[in-house]
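Novice: Numbering (this note's numbering), first residue to last: 235 to 373. Got a structure for you, questions after.
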């Protein structure tokens, strides 16, 4: 089981701080994406992690199809974090299975849900109706 300790996500001897969690998320879902593109359009000031799906040509499902794919997943726990602005995240936690509808109601700006094994991610952006949500399988 994962648990949070002092803003670290840990499992036994395995621990991820926020920076490592971002690095892992980007390495899995941005595999094969040009590093300069990631720096210019994803992790730099004025950008968001989910820009990986808009700038990076990462294969993903969008909109209602993304919601349906997310709701169809069979999992008991996942990792949730918020924001992703300029390569920063907050509110990292382990959550139980949640519906896309419930994620849509979350008051936070950008919501990221990722499988504990990083096999998939679901992102509800603050630009609902224009960008996202996005569902992507890990590479």
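Here a beta-carbon is modelled for each residue, glycine too, at the ideal position from N, C-alpha and C.
Would residue 283 pass as a contact of residue 264 if the rule is Cβ separation under 7 Å?
Specialist: Result no, Cβ atoms of residue 283 and residue 264 do not sit closer than 7 Å.
Novice: Between which two residues does the beta strand (DSSP E) carrying residue 313 extend?
Specialist: 311–317 is the extent of the beta strand (DSSP E) around residue 313.
Novice: Across which residues does DSSP place residue 282 in a beta bridge pair?
Specialist: Paired residue(s): 319.
Novice: Mapping DSSP to helix, strand and coil, what is residue 259?
Specialist: Reduced to three states, the DSSP call for residue 259 is helix.
Novice: Considering just the uninterrupted stretch of the beta strand (DSSP E) at residue 332, what are its terminal residues?
Specialist: Neither: residue 332 is in no beta strand (DSSP E) and is coded neither H nor E.
Novice: Go through its chain and collect everything with a Cβ distance to residue 303's Cβ below 6 Å, but skip five positions before and after it.
Specialist: Only 295, 369 meet the Cβ criterion.
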